[in-house]
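This note's numbering puts the first residue of the sequence shown at 218, with every later residue one more than the last.
From the three backbone atoms N, C-alpha and C, an ideal C-beta is built for every residue, glycine too.
This one's a predicted model, so the numbers in the text were calculated from it and none came from an experiment.
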Amino acid sequence: MEKNFKELLRASFKSGDTEEWLDIHFTRPIGLAFALMWAKLGVTPNYVTILSMFLGAGAGWCFYHTELWWNVWGVVLLMLANFCDSTDGQLARLTNHKTLIGRMLDGFASDVWFFCCYLAIALRLWNQTIPFTDYQWTIWGFLLCSYAGFHWHALQCSLADYYRQIHLYFVLGEEGSELASSEAEERTLDAIPKRKAGPFLIAKKGYFWEHVFHYFYLGYCKKQERQTPEFQKFFSKVKAKYPSAAQMPQDFREAFRQKSLPLMPLTNILTHNTRAFVMFAACLIDQAWIYPLFEVTILAALYYYMRYAHEKFCKEMTV
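The structure is reproduced here in structure tokens:
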């Protein structure tokens, strides 16, 4: 029997521990409604993801302008891009149309949105005056936005996502989490068929995109693991004792959940909604510099606290 809307919506939530209120009551329901519409029209998830990229790039173009109505349109377009981001995953589940290219596009899409937005803000600031001074931002706006985007945005989002997947692993097990490791990715990468091209080994025909995905995903995993040395020690001992989450005693899993749970709101703050709201507000009041500064100060402080707290309890739980 086909599921109704509420059942489909409930099935799209991984865990109440990691879901944000706004996503539960706003983003996910709208995303599911769009997913049902696209499914009836025969549109694939990849096209929805590509659409989100254009919407996000359009938002960046709007945020370049200082006029209020341009910025209102920027807010609308970035919200639509975010709805598409929710839609493509739900559409993939509805239509059972999950592909490797889809995973690559999905991970790349939000990078496109925010790259365009950071670039737009940097250009917007160029001729504006730095607050409390008589100097224009010029290159300093580019440096601030580059530091915020290329360093802090990537760092904050990757660690927040890692902590959510770790939490889901202990709560739901392997089937409910996308927790990956560089060791497993290296094995996957090595197993991809290759052929010699002069002095180099390259992926055989038909395996190019698979090789590209796992090559970059390996680097992503290594970056997450470098930030979490105490968790790596803890988890290696846990895996040696309990090869799968199902083999862990329930009280051990619950003890980890209780320590990890207070950090889940921070993982949400450090991903999309909070930073989007601050960007919207900063652009709407024509003080766009507030957003990158917020990222390198307030969000950076939350990032350090989240990492410190997680590493601390992992060290305490290491046996």
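With distances taken from CA atoms, which of the options is nearest residue i?
i: Phe222; options: His368, Gln382, Leu311 and Thr535; result: Leu311
i: Val593; options: Ser363, Arg443 and Asp323; result: The structure shown has nothing for residue 593, since the chain only spans 218 to 536.
i: Tyr264; options: Lys422, Asp305 and His489; result: Asp305
i: Glu391; options: Pro460, Tyr508 and Ala298; result: Pro460
i: Lys421; options: Leu406, Tyr434 and Lys440; result: Leu406
i: Arg381; options: Ile515, Asp240 and Leu480; result: Leu480
i: Phe451; options: Met254, Lys532, Ile318 and Trp278; result: Lys532
i: Thr491; options: Gln353, Cys374, Val429 and Trp354; result: Cys374
i: Tyr379; options: Leu297, Tyr434 and Trp426; result: Tyr434
i: Phe349; options: Leu272, Leu285, Gln504 and Leu239; result: Gln504
Which of the three DSSP states is assigned to residue i in this structure?
i: Ile318; result: helix
i: Ile502; result: coil
i: Ser229; result: coil
i: Ile419; result: strand
i: Ala578; result: The chain is shown from 218 up to 536; residue 578 falls before or after that span and cannot be answered.
i: Ser461; result: coil
i: Gln487; result: According to the sequence as given, residue 487 is Leu; it is not Gln. Coil, per DSSP.
i: Gly390; result: coil
i: Met218; result: Because the pLDDT at Met218 is just 39, under 50, the model does not fix this residue reliably, and the point stays unresolved.
i: Pro466; result: coil
i: Glu164; result: Absent from the model: residue 164. The displayed extent of the chain is 218 to 536, so no value can be given.
i: Asn299; result: helix
i: Thr535; result: coil
Does the beta-carbon distance from residue i to residue j come in below 8 Å?
i: Gln444; j: Leu376; result: yes
i: Gln307; j: Ser229; result: yes
i: Leu226; j: Arg245; result: yes
i: Tyr520; j: Leu372; result: yes
i: Phe417; j: His370; result: no
i: Ser303; j: Gly248; result: yes
i: Phe280; j: Arg341; result: yes
i: Thr346; j: Lys454; result: no
i: Ala326; j: Thr261; result: no
i: Ala493; j: Leu297; result: no
Give me whichever residues DSSP pairs with residue i in a beta bridge.
i: Thr346; result: Gln353
i: Lys476; result: Paired residues: none, contrary to the question.
i: Lys411; result: Ala420
### Task
List in chain order: all unbroken beta strand (DSSP E) runs of 3+ residues lying wholly within the stretch 221-280.
none
### Task
Within the stretch 435-459, note down every full alpha helix (DSSP H) run reaching 4 residues or more, in order along the chain.
446-458
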